[in-house]
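Engineer: Pasting a structure here, questions to come.
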Amino acid sequence: MDDGRMLEQHHRGVAPCTCRFARVHRGSRPRLTETRETARQEIPEPLRRDVRLLGEMLGRVIADYGGESLLRDVEQLRSLVIRARDDDRYERDAEKLIASWRLDRAEKVSRAFACYFHLANLAEEHHRARVIRERDRGPEPMAESLAATIGELRAKLSPKRLDGLIETLEIHPVFTAHPTEARRRAVVTAIRRVGDQLERLDDPRISDSEKSDAERRLIEEVDALWRTAQVRALSVTPLDEVRSFMAVFDETLFRIVPELLRAMDGALRAAGSPKGAPLAAPFLRFGSWIGGDRDGNPAVTARVTAAAMDVHAEHVLLALEAAATRIGRSLTVDADSTPPSPALRRLLSAARHSDPKGFAALATRSADEPHRVCVLHIANRIQATRTGDGKLAYRSPQDLARDLKTAQESLAAAGAGRLAF
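Under our numbering, the first residue of the sequence shown is numbered 3, with each subsequent residue one higher.
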């Protein structure tokens, strides 16, 4: 059996459909051939292709690292575990096989399966996103999307009632750390990089040379994942859990929230209407038990909670600083085409007095581009807030929001609504 099929078959042995079959027939073991055949039939071809590709690459990495003997041990254990679903004798054989290994060999086999499951889960998540994109390509809103939901509400409610619901809408996700979650932030990041290359390979516009490059990068990232320690050498602390969660914030939440808010605005806005201020106020408010749950974890003290908040602030401010810098650099509109409002002129005057050296540097690089200077100055103030520079630091979130609103309203007043919103 080749490397890819080895891991693909293992995936079939633990597919969700197999687990459902086993639960329905509680008290008796299902026939192995039936469960594997069911799994094989239910795995969509694109998902099977991704699992096969990732499996082949992981198999090559394992063989390069530990030789064919390590790969054979992984294959032998995989085969015994799958057969044990139908016959207890194979379970005992698997136990004997594991007991025969030295500790270092057992650790390498364990790492192989850990990496495989990371890759299989990634392939499933990637395929789920692929299916959603396919469903969203038609002219009608996708079922259960924001657009479809707003359309259903609009058909049932008066405009006044719908507006009232939107005004009071608040969603407050609260995050917690699973007690068995041991993935390091480095592992989460390595998995994300593998996913980035899968996305490249899915692009129908990809050229042959780009495909070769993506495949090269993909196996490099699989190799990096294999060589990354899967668990920490020391016990997980509450702050480790906080940092792992903030990796999710960095890679996903900060990016997806604006997309969600824009999707809501698009659902509420009539087709063809000009771009303007969002019709719905921000309705997401995040919370977290991680680093603050003193009932569930005796290691969480007031000092730990304060440190957790510092970690949160560092990541949030870094993300805001990067976003403000990116947006500021793109605002190359000049004062003739997009004249600044009186409020923006006052903000720039205050910036010139509060930070003469920094403002002069911005004004020199962005001459006659007041909106660009303004937003880059905002980025500098966010950085000062993060680093503790009391002279430039924002005193409150409201102060930052006020400056952003000033820049936004100035762009809108100058007719640059697309850039403002």
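Glycine is no exception: its CB is placed at the ideal position from the N, C-alpha and C atoms.
For PHE177, which beta-bridge partners are listed by DSSP?
Structural biologist: SER290
Engineer: Within the same chain, show all residues whose beta-carbon is closer than 7 Å to that of ARG137, passing over the 5 residues directly before and after it, in chain order.
Structural biologist: MET144
Engineer: Would you check if there are 3 or more beta carbon pairs closer than 8 Å linking the stretch 241–259 to the stretch 313–326?
Structural biologist: yes
Engineer: Assuming ARG234 contacts ARG195 under a Cβ cut-off of 8 Å, what Cβ separation, rounded to an integer in Å, is found between them?
Structural biologist: Contact flag wrong, Cβ pair sits at about 20 Å.
Engineer: Give me, in chain order, the residues of the same chain whose beta-carbon lies closer than 7 Å to that of VAL377; leave out the 5 immediate sequence neighbours on both sides.
Structural biologist: Leaving aside the five residues that flank VAL377 on each side, the residues in its chain whose CB is nearer than 7 Å to its CB run, in chain order, ALA326, ILE329, GLY330, LEU333, ALA409.
Engineer: Out of curiosity, what's the CA-to-CA distance linking ARG383 and LEU364?
Structural biologist: Taking the straight line joining both Cα atoms gives about 13 Å.
Engineer: Looking at C-alpha atoms only, which residue of ARG85, ASP75, GLU93, ARG80 is the closest neighbour of ARG104?
Structural biologist: ASP75
Engineer: Identify which residue in LEU350, ALA422, ASP52, LEU263 has its Cα closest to the Cα of ALA171.
Structural biologist: Residue 171 is actually Leu in this sequence, not Ala. When each option's Cα is compared against that of LEU171, the closest is LEU263.
Engineer: Assuming ALA315 contacts ILE168 (C-beta within less than 8 Å), just tell me the rounded distance between them.
Structural biologist: Rounded, the Cβ-Cβ distance is 30 Å, inconsistent with contact.
Engineer: Which runs of the beta strand (DSSP E) at least 3 residues long sit entirely within the stretch 241–313? Give them in chain order.
Structural biologist: none
Engineer: May I have the straight-line CA-CA distance separating ARG113 from ARG202, to the nearest angstrom?
Structural biologist: 27 Å
Engineer: Quick one: what does DSSP say VAL238 is sitting in, helix, strand or coil?
Structural biologist: Correct three-state label for VAL238: coil.
Engineer: Buried or exposed, going by whether 16 or more other CB atoms sit within 10 Å of the CB of ALA101?
Structural biologist: exposed
Engineer: So is SER368 buried or exposed if we call it buried at 16+ other beta carbons inside 10 Å?
Structural biologist: By the neighbour-count rule (16 or more Cβ atoms within 10 Å), SER368 is buried.
Engineer: Can you name, in chain order, every residue of its own chain whose Cβ lies under 6 Å from the Cβ of ASP225, other than the five neighbours on each side?
Structural biologist: VAL63
Engineer: Using DSSP with H/G/I as helix, E/B as strand and the rest coil, what is GLN232?
Structural biologist: coil
Engineer: Is it buried or exposed, VAL53, if we count other Cβ atoms within 10 angstroms and call 16 or more buried?
Structural biologist: With 16 or more Cβ atoms within 10 Å of its Cβ, VAL53 is classed as buried.
Engineer: If LEU350 sits next to VAL375, beta carbons under 8 Å apart, how far is it from one beta carbon to the other, in whole angstroms?
Structural biologist: 6 Å
Engineer: By how many angstroms is the C-alpha of ARG245 removed from the C-alpha of LYS310?
Structural biologist: Residue 310 is actually Ala in this sequence, not Lys. Spanning the two alpha carbons is a distance of roughly 8 Å.
Engineer: One question on the structure: do ALA301 and PRO240 come within less than 9 Å of each other, judged by their Cβ atoms?
Structural biologist: yes
Engineer: Return the CA-CA distance between ASP4 and GLY61, expressed in angstroms with no decimal places.
Structural biologist: Unreliable positioning characterises ASP4 in this predicted model, as indicated by a pLDDT of 46, which lies under 50. The coordinate reading is nonetheless provided below. Approximately 8 Å between the Cα atoms of the pair.
Engineer: Can you tell me which of LEU72, PRO342, ALA157, ARG229 puts its alpha carbon nearest to the alpha carbon of GLY417?
Structural biologist: PRO342
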